[in-house]
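Note that this note's numbering numbers the sequence shown so that position 24 is 24, with each residue one more than the last. What follows is a short report on a single structure.
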Amino acid sequence: VPAPAGLPPGAQTLALAADPGRHENGTSHLSIVDAAGNVVSMTTSVEGAFGSGVFVRGFLLNNQLTDFSFRPEIDGRPVINRVEPGKRPRSSMAPTIVYGPDDRPAIVAGSPGGSRIIGYVAQALTAMIDFDLDPQAAAELPHVLNRNGPTEIEAGTGAEALITGLGLLGDQTATAEMTSGLNLIRIRPDGTLQGGSDPRREGIAAGQ
C-alpha cells in the first residue's frame, strides 16, 4: 500500500537534538616515526581532568563514558548522543596516517581538542597536502572550522579578518579560543623527517 506523502506519525519526536558540547581537558596526541620506518599515530584520553580519579599501577583510569550527553532529551527530542544499551559514546578523536602514491606513510597527524579535533586535523592535512606547508607552519595556522553551526574563527588571530567577508556571503560566524595540540610529521620521499608541534599547548617536535 503506498504510504501517504508527508512526515510519518511520531517523526517530530524522533528528530534528534544536538548534543551540547563540553570543554575537553584530558586528551593528548603522539605522532611517532622510528628509525626502522614504523609509524604510530595515537590519540589518548582520560576524558576529564584526572579521569575517573582512580589511580591504578601508575596510571589514571579514564571516565570516557562521560562522552555521552548527560541530558537524554532537549525540548522533547532525544539527544543523539544519549546513553543507550550497547552504544559507544561519540568521539571526535582522529589519529591519522596518510599514505603517499607509493603506498608508504607520508604524513602522521593528530590532535587533542574535543569535538574540534576533526577540524584541526583536516585543516592541517589540507595545508600540508594541498599547499605544501611544512608541519610546523601547518600547526601554527589560525583555525577556521565548522561543527554544523556557525563558522568558528580562532579569536585573536589573523583569521578574524574573514568575518566581514563571510558575513556578506550570509555565513554566521563566532569567535572562540581554540586550544588545538597538533603533532605532525612529514616523511619525505628520501626518508628525511619534518616535524611540527602546536604552540598552543606544551608539545614539542623532537628527533634523534
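The beta-carbon is built from N, C-alpha and C at its ideal position, and this holds for glycine as well.
So the candidates are Gln172, Gly181, Leu193 and Leu30; which of them puts its Cα closest to the Cα of Gln208? Within the sequence shown, the letter at position 208 stands for residue 208. Considering only alpha carbons, the answer is Leu193.
>> Using 8 Å as the cut-off, can you tell me whether the stretch 82-90 makes contact with the stretch 153-166, which would need three or more C-beta pairs spanning the two stretches below that distance?
In response: As far as the Cβ criterion goes, the stretch 82-90 does not touch the stretch 153-166, which means the pair count is below three.
Identify whether Leu162 lies in helix, strand or coil by the three-state DSSP scheme.
Taking the sequence shown and counting its residues from 1, the one referred to as residue 162 is at position 162. The answer is helix: DSSP assigns Leu162 an H, G or I state.
query = Gly114 and Ser180: beta carbons closer than 8 Å?
reply = Counted from its first residue, the sequence shown places residue 114 at position 114. Counted from its first residue, the sequence shown places residue 180 at position 180. Judged by their CB atoms, Gly114 and Ser180 are not nearer to each other than the 8 Å cut-off.
(request) State the Cα-Cα distance for the pair Asp34 and Val121, rounded to the nearest angstrom. (result) Sequence index remark: in the sequence shown, residue 34 carries index 34 (1-based). Sequence index remark: in the sequence shown, residue 121 carries index 121 (1-based). So the two alpha carbons sit approximately 22 Å from each other.
In its own chain, which residues sit with a C-beta less than 7 Å from the C-beta of Ser59, not counting the 5 before and 5 after it? As a working note, residue 59 is residue 59 in the sequence shown. This sequence places Phe at residue 59; Ser is not what is there. Answer for Phe59: no residue qualifies.
**Prompt:** Rounded to whole angstroms, how far is the Cβ of Gly105 from the Cβ of Val39, which I believe are closer than 8 Å?
**Reply:** As a first step, residue 105 must be located in the sequence shown, where it is residue number 105. As a first step, residue 39 must be located in the sequence shown, where it is residue number 39. Residue identity differs from the one stated: residue 105 is Pro in this sequence, not Gly. Contact flag correct, Cβ pair sits at about 5 Å.
Note to self: Quick check on DSSP: helix, strand or coil for Gly195?
What the structure shows: Here residue 195 refers to the residue found at position 195 of the sequence shown. Of the three classes helix, strand and coil, the one that applies to Gly195 here is strand, per DSSP.
- Tell me, which residues are paired with Phe55 by DSSP? Here residue 55 corresponds to residue number 55 of the sequence shown, with the count starting at 1. Leu60, per the DSSP bridge assignment.
- Task: Let me know the beta strand (DSSP E) ranges lying completely inside the stretch 62-111, each 3 residues or longer, listed in chain order.
- Result: Qualifying beta strand (DSSP E) stretches, in chain order: 96-99 and 105-109.
I think Leu184 touches Gly191, with their Cβ atoms under 8 Å apart; what is that distance to the nearest whole Å? Taking the first residue of the sequence shown as position 1, residue 184 is located at position 184. Taking the first residue of the sequence shown as position 1, residue 191 is located at position 191. Gly191 and Leu184 do not touch by the CB rule: their CB atoms are close to 17 Å apart, not below 8 Å.
Sequence-distant residues of the same chain with beta carbon closer than 8 Å to Asp134, five excluded per side: Position 134 of the sequence shown, counted from the first residue, corresponds to residue 134. Excluding residues within five positions, the ones whose Cβ falls inside 8 Å are Met128, Arg186, Gln194 and Gly196.
* To do: Compute the Euclidean distance between the alpha carbons of Glu140 and Arg200, then round it to the nearest angstrom.
  => Stepping through the sequence shown from its first residue, residue 140 is reached at position 140. Stepping through the sequence shown from its first residue, residue 200 is reached at position 200. Each residue's alpha carbon lies about 8 Å from the other.
**Report entry** One or two residues paired with His29 in a DSSP bridge
**Finding:** Position 29 of the sequence shown, counted from the start, is the residue given in the question as residue 29. DSSP, once it has assigned bridges, lists Thr43 as partnering His29.
Evaluate Arg71 with the Cβ neighbour count: other Cβ atoms within 10 Å of its Cβ, from every protein chain shown; 16 or more gives buried, anything less gives exposed.
Numbered from 1 along the sequence shown, position 71 holds the residue referred to as residue 71. Per the 10 Å Cβ criterion, exposed.
Same chain, Cβ closer than 8 Å to Thr151, five either side skipped, listed in chain order:
Taking the first residue of the sequence shown as 1, we reach residue 151 at position 151. Close CB contacts of Thr151 within its chain, under the 8 Å cut and outside five residues either way in sequence, are with Val144, Leu145, Leu166, Asp171, Gln172, Thr173 and Ala174 (chain order).
Using only CA atoms, which one of Leu169, Pro189 and Asp198 lies nearest to Met178? Residue numbering aside, residue 178 sits at position 178 when the sequence shown is read from its first letter. Taking the Cα of Met178 as reference, the smallest distance to any Cα among Leu169, Pro189 and Asp198 is reached at Asp198.
Q.
Would Ser45 and Met93 qualify as a contact pair, given that the criterion is a beta-carbon distance under 8 Å?
A. The count along the sequence shown starts at 1 and reaches residue 45 at position 45. The count along the sequence shown starts at 1 and reaches residue 93 at position 93. Taking C-beta atoms as the reference points, Ser45 and Met93 count as a pair closer than 8 Å.
On the criterion of 16 or more Cβ atoms from any shown chain inside 10 Å, does Ala124 qualify as buried, or is it exposed?
Residue mapping note: residue 124 aligns to position 124 of the sequence shown, counting from 1. By the 10 Å Cβ count, Ala124 comes out buried.
Can you tell me which of the three DSSP states Ala127 falls into?
-> Sequence index remark: in the sequence shown, residue 127 carries index 127 (1-based). Helix.
Practice item. Out of Ser69, Arg188, Gly203 and Ile32, point me to the one whose CA is closest to Pro95's CA. Key: Along the sequence shown, one-based indexing puts residue 95 at 95. With distances taken between Cα atoms, Pro95 lies closest to Ile32.
Buried or exposed by the 16-neighbour rule on C-beta atoms within 10 Å, applied to Val54: Translated into positions along the sequence shown, residue 54 becomes position 54. Val54 should be labelled exposed.
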